[in-house]
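**Q**
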Amino acid sequence: MMNLHAPKKALGLFGVLLVMWLVVPSPCQAGGIYPFVGDYHGTSIANAEEELKARDLDVQIKQTKRGFIIDWSTVIHKADGREKTVSLNIEFFATDRPEIYGSAMRTGLFGKRVPNDPLQGEPFVWARIVDKTLTVHALYITDNGGYEMQVYERSLDEYGNLDLVFKRFRDGVPIRDVTGKLMRQ
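Structure below.
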């Protein structure tokens, strides 16, 4: 004898699974960034041209529906007493590739946040999360057609603080290294 209720049960199970898929965030959308969310403050040392320079660092990482936002600023203390402040705010969104996030740094023609155009001298930026390390890559195309790559590795320690390693390369040659420790606030 044929069970006429079997298709209804299967359809009901499919409906429950569909709702769960739509409601429960996937790991690439929310779970990966969650341990990094917070405010951090610290200092770093830059090793540039045999000279050590102190820097003050502030980083805020916020989770969003599409991914996350990183807001950071660096105060570079010059030898002559001057200070230079560099600040950046980047929205990252989940992609089809697990734990790889695209950036949305400017507003496009129709009001939507879109990535920068590296052929216009703007940095092309993406992020990835591997284990306890959040890495942000920024690729610049130089005026002579070469490239500059900046890499920010922020790794969580056992207390939830961040260890920072910043590296800058021009045409594959290292030109700057910065390390630092940021404490969760």
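Each residue of the sequence shown is one higher than the one before, starting from 3 at the first, in our numbering.
All C-beta atoms in this analysis are idealised placements derived from N, C-alpha and C, irrespective of residue type, glycine included.
Quantities reported herein were computed from a predicted structural model and do not represent experimental measurements.
(1) Quick test of the definition: if touching needs 3 or more C-beta pairs under 8 Å, does the segment 101-115 touch the segment 74-83?
(2) With respect to the beta strand (DSSP E) encompassing isoleucine 2, which residues constitute its N-terminal and C-terminal limits?
(3) Can you find the residues in the same chain that come closer than 7 Å, C-beta to C-beta, to methionine 185, ignoring five residues on each side of it along the sequence?
(4) Please name the residue, chosen from Pro117, Gly34, Arg172, that lies closest to glutamine 65 on a Cα-to-Cα basis.
(5) Threonine 181 and isoleucine 47 - do their beta-carbons sit closer together than 8 Å?
(6) Roughly how many whole angstroms lie between the Cα atoms of lysine 55 and phenylalanine 112?
(7) Using a Cβ-Cβ cut-off of 6 Å (strictly less than) and excluding sequence neighbours within five positions of valine 88, which residues of its own chain qualify?
(8) Confirm, please, whether the CB-CB distance from phenylalanine 171 to glutamate 150 is below 8 Å.
(9) When we look at the beta-carbon of isoleucine 177 and count the other beta-carbons within 10 Å, is it buried (16 or more) or exposed?
(10) Report the three-state DSSP secondary structure of leucine 121 (helix, strand or coil).
(11) Since valine 127 and isoleucine 92 are thought to touch, with beta carbons under 8 Å apart, how far apart are those beta carbons, to the nearest angstrom?
(12) Output needed for glycine 148: all residues of its chain with C-beta closer than 6 Å, excluding positions within five of it in sequence on either side, in chain order.
(13) Please classify glycine 123: is it buried, with 16 or more other beta-carbons within 10 angstroms of its beta-carbon, or exposed?
**A** Considering the structure as presented:
(1) no
(2) The displayed coordinates of the chain run from 3 to 187. Any statement about residue 2 would go beyond what the structure contains.
(3) Tyr42, His43, Gly44, Asn163
(4) Checking every option, the nearest Cα to that of glutamine 65 belongs to Gly34.
(5) yes
(6) Distance between the alpha carbons of lysine 55 and phenylalanine 112 is about 43 Å.
(7) Thr76
(8) yes
(9) That one is exposed.
(10) Of the three classes helix, strand and coil, the one that applies to leucine 121 here is helix, per DSSP.
(11) 6 Å
(12) Asp173
(13) Label assigned to glycine 123: exposed.
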